[in-house]
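Residue numbering for the sequence shown follows this note's numbering, beginning at 21 and increasing consecutively.
Just so it is clear, CB atoms sit at the ideal spot from N, CA and C, and this is done for glycine as well.
From a predicted model like this one, the values you see are computed outputs, not experimental measurements.
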Amino acid sequence: MTSTLETVKRNIQTAAEAAGRPARDITLVAVSKTKPIDVITPVLEAGHRIFGENKVQEAARKWPALRETYPDIELHLIGPLQSNKARQAMRIFDIIETVDRPRLARAIARISAEEGCRPRCYIQINIGREPQKAGVHPEAADAFIALCRDELKLDLQGLMCIPPAGEDPTPHFAELKAIARRNRISHLSMGMSGDYEQAIRSGATSVRVGTAIFGPRPPVA
Ligand SMILES: *Cc1c(COP(=O)(O)O)cnc(C)c1O
Numbered sequence: 021m022t023s024t025l026e027t028v029k030r031n032i033q034t035a036a037e038a039a040g041r042p043a044r045d046i047t048l049v050a051v052s053k054t055k056p057i058d059v060i061t062p063v064l065e066a067g068h069r070i071f072g073e074n075k076v077q078e079a080a081r082k083w084p085a086l087r088e089t090y091p092d093i094e095l096h097l098i099g100p101l102q103s104n105k106a107r108q109a110m111r112i113f114d115i116i117e118t119v120d121r122p123r124l125a126r127a128i129a130r131i132s133a134e135e136g137c138r139p140r141c142y143i144q145i146n147i148g149r150e151p152q153k154a155g156v157h158p159e160a161a162d163a164f165i166a167l168c169r170d171e172l173k174l175d176l177q178g179l180m181c182i183p184p185a186g187e188d189p190t191p192h193f194a195e196l197k198a199i200a201r202r203n204r205i206s207h208l209s210m211g212m213s214g215d216y217e218q219a220i221r222s223g224a225t226s227v228r229v230g231t232a233i234f235g236p237r238p239p240v241a
């Protein structure tokens, strides 16, 4: 497990150098969804601290115990969030990467005020305009960013996207970067096991890598 971690880190280094970027500007989010604690622990033991999960309930089962041993963990929510689970998610996760609709953004703002916390947020953009996929359509991004940042005062740090499967992701990465630039947003979460090196060339500041570190997952039912 940790040799795959080392390989991914080395690939990130190489891709960053090739793009003329410092590797420290790129955060590796190790996506541990579906993986049990005994598979995650060696990666923690190897010194890695930044992880991504896509389900609130699963994260709630796994991570509070791990945090007792490794208090400096940084946990990213990378899956869809229902507004009625926002409070629980904000207790478990440090960063919510999937803010994608006004109702959820308003729930996070309200709970932040109630609980005196301010989670770091990313907005998920449905960069391929896919009907089945979560995220704000690119055409609606500027208005939603303004709502989150200016009206609701969320701690908006970045944009996140999952390009359509089976397409060249590069134009999609470029479009995400353009949305970020015109809105003066500095962080871009893009790139997974199959395309994180391309994403780094396209300006990713964090890549979400699961399979290449932890091996294949069981197919989703
Ligand atoms: C599962 C998942 C990943 C990781 O995918 P791999 O191909 O296993 O690297 C990244 N981002 C999101 C949003 C995911 O759900």
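For residue 203, the distance from the CB to the nearest heavy atom of ligand 1 is not below 7 angstroms.
In the three-state reduction of the DSSP assignment, residue 185 falls in the coil class.
As the crow flies, the alpha-carbon of residue 195 is around 28 angstroms from that of residue 103.
If you check the CB distance, residue 137 and residue 110 come in under 8 angstroms. The alpha carbon of residue 219 has as its nearest neighbour, out of 114, 22 and 48, the alpha carbon of 48. Residue 183 places its beta carbon less than 8 angstroms from that of residue 147. Contact between residue 52 and residue 26 is absent: CB atoms are separated by about 17 angstroms, not below the 8 angstroms threshold.
Taking a 10 Å sphere around the C-beta of residue 217, we find 16 or more other C-beta atoms and assign the residue as buried. Under the three-state reduction of DSSP, residue 121 is assigned to coil, being neither helix nor strand. Counting every other CB atom within 10 Å of its CB across the protein chains shown gives residue 157 a total below 16, marking it as exposed. At a threshold of 7 angstroms, residue 51 counts as near ligand 1, since its beta carbon sits closer than that to one of the ligand's heavy atoms. Sorting 122, 221, 238 and 236 by C-alpha distance to the C-alpha of residue 45 places 221 at the top. When the beta-carbon positions are compared, residue 127 and residue 168 stay at least 8 angstroms from each other.
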